[in-house]
Amino acid sequence: MKLLSLIAFTTYFIKNTLATDPERANYPLYIQVFPYDPECSGNVSFIANPPVTDGKGAYSYLENVSSVLAVPAKDDSVTCLNLNKTLPTCFKGNDPRCFQMSSPTNRFTLSINDSSHPVKASSKDYTTGFRYMLTPNITFEYVHNSTKKSENHSTIVDESFLYECHGNKSCEFNLRFTNKTLGGCSDAKTCLQSGKGGAFDSVDKLISTIYDQVEKNGRRTDDSSYISPKLKTISKSKSVNITKIDVSASPSSSKSASSGSSSSSSSSASSIITADKSLVFQFTLLTLALLTCI
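Mind the numbering: the sequence shown is residues -19 to -1, 1 to 275 in mature numbering (1 follows the signal peptide of the UniProt record, and there is no 0), read in order.
Below, the structure is given as structure tokens:
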């Protein structure tokens, strides 16, 4: 009897403790930024929006990126890109869409929302920067930054990241920025996520700098726990819609192209706007307020 009780207890312990999956950040919808690659691929990308909680959609301000991938959650999802303070270009449905920017110099906002994940006309809903940085070997979680002054009065910013190490343990490293590195960027996170005019001239330079800093100052930490992102899976059998955005023109004259998908990206943006007037109106007001403040 005691042996059976011991076996039952051991089985319960293994099932509920040892075999428990680590905590993960849920992303049924997300915005993935590619600073250097124009086709929503490449060795470095960033998840711009925070994990989807409290029924909120995704809304991000972005600048100087090559392409951005929008991954909606549901059939009634509406994805809107707003450029140059004009009416947004919107698409409805759950198909992923890659927005290719015609120039690496750009500023725009992008939102994804649906009946379960609305974007409200409030400044609390938009985000800048990113939550995760994806590289070929490691996915990093952004933690915080700390600013300090050096002896020659130059500003130094340390961006801190968590990553998985030593078998489900958490490690941390700092990526350092100076006035020279930041250049004309509005902040360190935006500078890191930007391609042209950002902190690094190329994706290779960015990757080598990151891995070099991980090797130099990466260390175990018990103060914070790394949480990996659980991103919605994109079916390999379905081609991603591609929409080309002319950053020098209004959305009405921008050209859209479909890349091997049953859902053509050439479908009229105006029809989507007509079908979702209330949603687009709120989105436009929020975008105008955001771009005016930046």
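For each residue, glycine too, the CB sits at the ideal point set by N, CA and C.
M(-19) burial status per 10 Å Cβ neighbour count (16 or more: buried): For the purposes of this step, residue -19 is identified with residue 1 of the sequence shown, where counting begins at 1. Interpretation of M(-19) is limited by its pLDDT of 46, a score under 50 that renders its predicted location unreliable; the figure taken from the coordinates is listed afterwards. The residue is exposed, with fewer than 16 neighbouring Cβ atoms inside 10 Å.
What does C61 pair with, by DSSP beta-bridge criteria? Translated into positions along the sequence shown, residue 61 becomes position 80. Under DSSP, C61 forms a beta bridge with C71 and S92.
Along the alpha helix (DSSP H) that carries T190, what are the first and last residues, could you check? Here the question's residue 190 lines up with position 209 in the sequence shown. In the DSSP assignment, T190 falls within the alpha helix (DSSP H) that extends over V184 to N198.
Could you say which of C61, F15, A39 and S151 lies nearest to N24 if we only look at CA atoms? Counting from 1 along the sequence shown, the entry for residue 24 is found at position 43. Of the candidates C61, F15, A39 and S151, the one whose C-alpha sits nearest the C-alpha of N24 is F15.
Compare the beta carbon distance of E44 and T171 with 9 Å and say whether it is the shorter of the two. Within the sequence shown, numbered from 1, the residue matching residue 44 stands at position 63. Within the sequence shown, numbered from 1, the residue matching residue 171 stands at position 190. Note that the C-beta distance between E44 and T171 is below 9 Å.
Report yes or no: do the region 53 to 63 and the region 76 to 94 share at least 3 C-beta pairs separated by less than 8 Å? Touching, yes.
CB-CB under 6 Å to A29, same chain, minus the five flanking residues each way: which ones, in chain order? The sequence position of residue 29 within the sequence shown is 48, counting from 1. Beyond the five residues adjoining it in sequence on each side, A29 comes within less than 6 Å, by CB distance, of I12, V14, S41 and F111 in the same chain, given in chain order.
Excluding the five sequence neighbours on either side, which residues of its own chain have a C-beta within less than 6 Å of the C-beta of R157, listed in chain order? Position 176 of the sequence shown, counted from the start, is the residue given in the question as residue 157. The residues D139, in chain order, have a CB closer than 6 Å to that of R157 in the same chain once the five nearest residues on each side in sequence are set aside.
Identify every residue that forms a DSSP beta bridge with R157. The residue given as residue 157 occupies position 176 in the sequence shown. D139, per the DSSP bridge assignment.
Cutting at 7 Å between CB atoms, please list the residues of its own chain near S251, excluding the five before and the five after it. As a first step, residue 251 must be located in the sequence shown, where it is residue number 270. For S251, the pLDDT reaches just 34, beneath the cut-off of 50, and the residue's location in the model is therefore unreliable, although a value from the coordinates is still provided. Once the five neighbours on either side are set aside, S251 has no close Cβ partner at all.
For V184 and P117, what's the separation of their Cα atoms in angstroms? To locate residue 184, count along the sequence shown from 1; it is residue 203. To locate residue 117, count along the sequence shown from 1; it is residue 136. Looking at the two C-alpha atoms, the distance is approximately 12 Å.
I believe T120 touches S26 by the beta-carbon criterion, under 8 Å. Please report the beta-carbon distance rounded to the nearest angstrom. The sequence position of residue 120 within the sequence shown is 139, counting from 1. The sequence position of residue 26 within the sequence shown is 45, counting from 1. Contact between T120 and S26 does not hold, since the beta-carbon distance rounds to 10 Å and is not under 8 Å.
If distances are taken between C-alpha atoms only, which option among D227, A39, D18 and D57 comes closest to N7? Here residue 7 refers to the residue found at position 26 when the sequence shown is read from its first residue. In terms of CA proximity to N7, A39 leads the group D227, A39, D18 and D57.
Decide if N155 is buried, meaning its Cβ has at least 16 other Cβ atoms within 10 Å, or exposed. Taking the first residue of the sequence shown as 1, we reach residue 155 at position 174. N155 should be labelled buried.
By how many angstroms is the C-alpha of N198 removed from the C-alpha of S135? Looking up residue 135 in the sequence shown gives position 154. Looking up residue 198 in the sequence shown gives position 217. Rounded to whole angstroms, S135 and N198 show a C-alpha spacing of 22 Å.
Compute the Euclidean distance between the alpha carbons of T190 and D57, then round it to the nearest angstrom. The sequence position of residue 190 within the sequence shown is 209, counting from 1. The sequence position of residue 57 within the sequence shown is 76, counting from 1. T190 and D57 have their C-alpha atoms some 41 Å from each other.
Who are the Cβ neighbours of I226 in its own chain at under 7 Å, not counting the five residues just before and after it? Reading the sequence shown from its first residue, position 245 is the one you call residue 226. Excluding positions up to five away in sequence, the list reads L62, L64, F80, Q81, M82, S83 and S235.
DSSP state of L10 mapped onto helix, strand, coil: Within the sequence shown, the letter at position 29 stands for residue 10. When secondary structure is reduced to three states using DSSP, L10 falls in the coil class, being assigned neither helix nor strand.
Roughly how many whole angstroms lie between the Cα atoms of S205 and N149? Walking along the sequence shown from the start, residue 205 turns up at place 224. Walking along the sequence shown from the start, residue 149 turns up at place 168. CA-to-CA, the gap between S205 and N149 works out to about 13 Å.
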